[in-house]
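Working notes, beginning with the structure itself.
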Amino acid sequence: MYRKDEVAWPAFIVLQIKDDMVRQILLQKESDPSGAVGSPVDSPIGDFYRDRCIFITGATGFLGKVLLEKLLRSCSGIKTIYVLLRGKDDLEPRQRLDELFSMTMFSKVRWENPSAISRVIPVAGDVTLPDLGLSATDLYVLSQNVSVIFHCAATVRFDEPYKKAVDINLKGTKHLLNVAKKMTCLSAMVHVSTAYSFCNKSDISEEIYPEPVDPDKILEASEWMDEKLLGCLMEPLLAGRPSNYHLTKAFAEILVQKECGGIPTAIVRPSIVTAAAREPIPGWVDNMYGPSGFIFAACKGALRTMHVYPEIAVDCIPVDYVSNMLITVGWHLGTRRPNAMEIYHSSSGGLNTLTWGQLERATYSLALRHPPSALFRYPGGSFKSSRLLNELSLKLEHHFPAQILDLGARLMGQEPQYVLFATLVLCHVFLPIN
């Protein structure tokens with residue numbers, strides 16, 4: 001059973017996994033009913049992390065959870081993992097950490113090595129505050145012990161207000177860099193960005209492209225500008241990017257390159273991070289963004305149309321692949337200590353291409369063969385390459401039925417909710433995809 005805040009898809013519905021990989025997963029599950037893979041083994045990577053202290057930001061996010069679980073399970077020799085947590089919903093950092101470890105995805109760690117969880121120490125703080133909001137004691141402890149940093153904290157919402165996006169994605173990176181400079185035994189710092197930070201370029205290499213404004217100028221402006229004025233400043237800088245998420249991640253990369261100094265640093269750029277291929281559970285995902293949202297809404301019958309060109313690739317990468325890459329990059333930095341900052345793309349690219357058309361056909365086929373409980377409508381619909389046909393379909397298959405249902409609700413003295421539901425479905429599917 002899965003908790004309500006977790007979603008488990010069958011491994012084969014995670015469509016970035018090709019048929020041959022699906023067969024491997026299913027065979028592995030037959031030989032190991034727990035479905036667990038990646039048991040700790042002796043390796044150069046495991047040896048590198050032995051007796052080291054790790055610092056993770058964004059450990060409660062989708063990628064951060066998988067990274068934390070993988071480190072605990074496969075790098076069992078780690079001395080301590082410090083995770084930056086802020087109080088939320090009347091929960092203190094320790095309570096949030098306990099809640100995190102109660103999730104199904106940590107069941108293998110709890111079963112096989114429960115003592116490993118005691119090595120994870122919550123550190124109260126907030127990336128939007130100077131020195132990450134750390135107390136003097138915590139800052140000293142981190143500065144004297146941490147040797148590897150994974151900076152995963154970010155807001156990935158496409159509709160985030162400019163000030164909040166700047167505060168978390170840009171200012172948060174600035175504050176982390178300031179703390180990293182105080183660490184006396186730091187061997188590696190891995191910054192998580194996105195493959196779409198410079199998506200306004202026709203060809204993207206493993207390099208950072210200049211922007212017309214220095215990121216420090218953006219930070220200065222955000223201190224005194226209100227949301228409207230800051231938006232007026234930043235909108236022209238989008239330069240073809242779809243949202244301020246991509247822009248602030250680009251500025252964060254420039255800031256890392258500018259200020260990392262002598263710290264062995266790497267930037268990892270994942271594409272669309274989706275459900276796990278193998279670890280911690282095949283098909284595990286805890287959100288409804290991007291392809292996961294499309295699959296869920298389509299299978300429920302709530303999504304009937306999308307404006308998509310079927311032949312276009314949807315570059316997905318399983319979250320456990322990205323997590324493994326982060327750990328490997330940290331090892332590479334700490335052992336090779338390159339002279340310059342390194343950049344890695346984590347994507348399927350042309351090696352294992354999945355198109356939107358393939359995603360559509362597989363999703364609707366699987367929705368009929370393995371329907372979820374509590375269908376909203378019978379699964380159906382299609383992608384439209386024509387914007388006009390898509391708009392017409394939205395009116396006929398989303399808005400018009402919702403208005404009819406709301407009218408019926410009003411006549412029965414109930415609260416109308418279906419137009420709002422239809423709007424929320426579309427927003428939830430099309431907002432963050434990374």
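Counting from 1, one number per residue, gives the positions in the sequence shown under the UniProt record's numbering. Virtual Cβ for every residue (Gly too), placed ideally from N, Cα, C.
Option nearest residue i by Cα separation, candidates the options
i, options, result
"Leu-170", "Glu-391, Ile-254, Cys-53", "Ile-254"
"Gly-301", "Leu-247, His-307, Ser-365, Thr-355", "Ser-365"
"Leu-219", "Ile-267, Lys-163, Gly-240", "Lys-163"
"Leu-388", "Thr-305, Ala-402, Ile-317", "Thr-305"
"Phe-296", "His-370, Ser-143, Ile-281", "His-370"
"Ala-266", "Ala-340, Thr-60, Leu-303", "Ala-340"
"Ser-43", "Cys-75, Leu-68, Glu-69", "Cys-75"
"Val-146", "Asp-138, Glu-160, Gln-417", "Asp-138"
"Glu-99", "Glu-235, Gln-414, Ala-59", "Ala-59"
"Val-127", "Phe-106, Leu-176, Glu-92", "Leu-176"
"Glu-206", "Tyr-196, Arg-278, Pro-215, Ile-312", "Tyr-196"
"Met-183", "Arg-361, Gly-261, Arg-73", "Gly-261"
"Ala-165", "Glu-235, Tyr-209, Val-322, Lys-65", "Glu-235"
"Val-120", "Asp-90, Leu-359, Arg-94", "Arg-94"
"Trp-331", "Val-256, Pro-291, Met-189", "Met-189"
"Asp-320", "Ser-346, Thr-335, Gly-334", "Ser-346"
"Thr-328", "Leu-359, Phe-150, Glu-227, Ile-312", "Phe-150"
"Ile-312", "Leu-359, Arg-73, Ala-374, Ser-107", "Leu-359"
"Thr-173", "Leu-186, Phe-251, Pro-210", "Phe-251"
"Leu-84", "Phe-55, Pro-282, Arg-157", "Phe-55"
"Glu-397", "Leu-303, Pro-338, Asn-200, Arg-269", "Leu-303"
"Leu-142", "Leu-129, Pro-122, Arg-157", "Pro-122"
Bridge-paired residues (DSSP) for residue i
i, result
"Met-151", "According to the sequence shown, residue 151 is His rather than Met. His-151 is bridged to Thr-57, His-191."
"His-307", "Lys-384"
"Cys-199", "DSSP lists no partner for Cys-199."
"Leu-91", "Lys-88"
"Ile-272", "Cys-316"
"Ala-266", "Val-190, Glu-342"
"Thr-80", "Cys-53"
"Val-146", "Cys-53"
Backbone secondary structure at residue i - three-state DSSP
i, result
"Cys-316", "strand"
"Asp-216", "helix"
"Thr-137", "helix"
"Ala-409", "helix"
"Pro-122", "strand"
"Ser-346", "strand"
"Tyr-209", "coil"
"Val-285", "strand"
"Val-66", "helix"
"Thr-355", "strand"
"His-402", "Looking at the sequence itself, residue 402 is Ala, so the reference to His does not match. Three-state DSSP puts Ala-402 in a helix."
"Gln-417", "coil"
"Ile-327", "helix"
"residue 435", "Look at the range of the chain in this structure, 1 to 434, and you will see that residue 435 is not part of it."
"His-332", "helix"
"Ser-292", "helix"
"Ile-204", "coil"
"Glu-160", "coil"
"Cys-299", "helix"
"Ala-180", "helix"
Straight-line gap, residue i to residue j (C-alpha atoms, nearest Å)
i, j, result
"Thr-194", "Lys-249", "7 Å"
"Ile-168", "Asp-51", "31 Å"
"Met-103", "Leu-97", "10 Å"
"Ile-117", "Lys-88", "21 Å"
"Leu-394", "Ile-45", "50 Å"
"Phe-383", "Pro-310", "7 Å"
"Ala-298", "Lys-79", "45 Å"
"Lys-217", "Leu-233", "11 Å"
"Trp-111", "Asn-324", "22 Å"
"Arg-241", "Leu-351", "25 Å"
"His-246", "Leu-238", "8 Å"
"Pro-161", "Leu-132", "21 Å"
"Val-419", "Gly-380", "19 Å"
"residue 520", "Cys-316", "Only positions 1 to 434 of the chain appear in this structure, which leaves residue 520 out of reach."
"Gly-125", "Leu-134", "5 Å"
"residue 480", "Leu-230", "Residue 480 lies beyond the residue range present for the chain, which begins at 1 and ends at 434; the question has no answer from this structure."
"Val-192", "Gly-413", "50 Å"
"Glu-69", "Met-105", "8 Å"
"Pro-416", "Ile-404", "10 Å"
"Lys-258", "Thr-274", "31 Å"
"Arg-377", "Phe-294", "15 Å"
"Ser-386", "Leu-392", "10 Å"
"Ile-81", "Cys-53", "6 Å"
"Ser-34", "Arg-278", "Because the pLDDT of Ser-34 is 41, which lies under 50, any placement of that residue in the model is unreliable, and the number read from its coordinates should be weighed accordingly. Using only the alpha carbons, I get a separation of about 12 Å."
"Cys-185", "Tyr-209", "30 Å"
"Val-256", "Glu-223", "20 Å"
"Val-66", "Ala-276", "9 Å"
Worksheet item: Taking only runs of the alpha helix (DSSP H) that begin and end inside the segment 231-264, which ones reach a length of at least 4 residues, in chain order?
Response: 244-259
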